[in-house]
Amino acid sequence: MTTTDTKSKLTRQRYRGIVYGIGGLAILGLFAGFVLDQHFTGTLIYLIGVWIGGGIAVLAPAWSEATLQDERDWELHNRASGILVGITMVFGLSILPALYALEAGSYIEITGVVSGVILTLSALFLLYGVCFGIAKRRV
Amino acid sequence: MQNDLPKRREDEGLSQGELAEAVGVTRQTINAIERNRYDPSLELAFKLAAHFDCSIEDIFEPDQDN
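So the protein lines, in turn, are chains H and V. Counted from 1, the first sequence has number 1462 at position 51 by my numbering; the numbering is strictly sequential. Counted from 1, the second sequence has number 47 at position 41 by my numbering; the numbering is strictly sequential.
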């Protein structure tokens, strides 16, 4: 029976704590910047935090002896992504055409914010299609 | 998919964490497999079978309704 030396290896719990902790601090720094009218400092804290946290999230599994991520984690991420795309697609296909039809009939006015959201979602769907094509070719 | 992984693991005196380390996954994945909440990939199934020196069919059994 092998023993696991958890003191020298980066454990999964510690890894997630570090990544989420740094990410949380980065977001807090951004909001603090807004509140204290120090937008540049807040943005800087956020950028440094997410790059460090993101770097650890990506590189630590490759460098660590312990298994920090495995096939089940990737499947959960894929399933969550699929559910998100599905919900967004149902929302988009069922509501957005109606919005445009109502606007054409002058019943409502699509504001700049709403138009921006629609364009962003459309771009994300296009990007998803590209990523899907890439993934399909590589399998 | 049904499996007898808990029994095989306990017969060897292994914890979930030790079995996870032996086959290169996290303890949470072994726990999910044992609770029938996750079906392993073919690669992982082969690793588990190799670890217990048996075939995949000895460990895993499809659900009756499949």
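The C-beta atom is built at its ideal place from N, Cα and C for all residues, glycine as well.
Comparing alpha-carbon positions, the option among H:His1450, H:Thr1478 and H:Leu1441 lying closest to H:Thr1422 turns out to be H:Thr1478. 8 Å or more divides the Cβ of H:Tyr1457 from the Cβ of H:Gly1432. Look at V:Ala38: its C-beta is under 8 Å from a C-beta on chain H. Among the bridge pairs identified by DSSP, V:Phe66 is matched with V:Asn9.
Below 8 Å, too few C-beta pairs join the segment 14–32 of chain V and the segment 1531–1541 of chain H to call them touching: fewer than three. Separation of the CB atoms of H:Ala1443 and H:Gly1453 is rounded to 6 Å, and the pair is thereby assigned contact status at 8 Å. Secondary structure at H:Tyr1431: helix, using DSSP grouped into helix, strand and coil.
Buried is the label assigned to V:Arg15, since at least 16 other Cβ atoms lie within 10 Å of its Cβ.
The segment 1481–1499 of chain H makes contact with the segment 33–46 of chain V, as at least three CB pairs between them are under 8 Å. Residue contact with chain V for H:Arg1427: absent (no Cβ-Cβ distance below 8 Å to any residue of chain V). Put simply, the CB of H:Arg1423 is near chain V, with a gap under 8 Å to one of its CB atoms. If you ignore the 5 residues before and after V:Ile65, its C-beta comes within less than 8 Å of the C-beta of Asn9, Asp10, Leu11, Arg14, Ala51, Leu54, Ala55 and Phe58, all in its own chain and listed in chain order.
Sorting V:Asp69, V:Ser47 and V:Arg33 by C-alpha distance to the C-alpha of H:Gln1424 places V:Arg33 at the top. A residue is called buried when at least 16 other Cβ atoms come within 10 angstroms of its Cβ; H:Ala1437 meets this threshold and is buried. About 15 Å separates the beta carbon of H:Gly1460 from that of H:Gly1428, a gap too long to meet the 8 Å contact definition. About 7 Å separates the beta carbons of V:Met7 and V:Glu67, which is inside the 8 Å limit, making them a contact pair.
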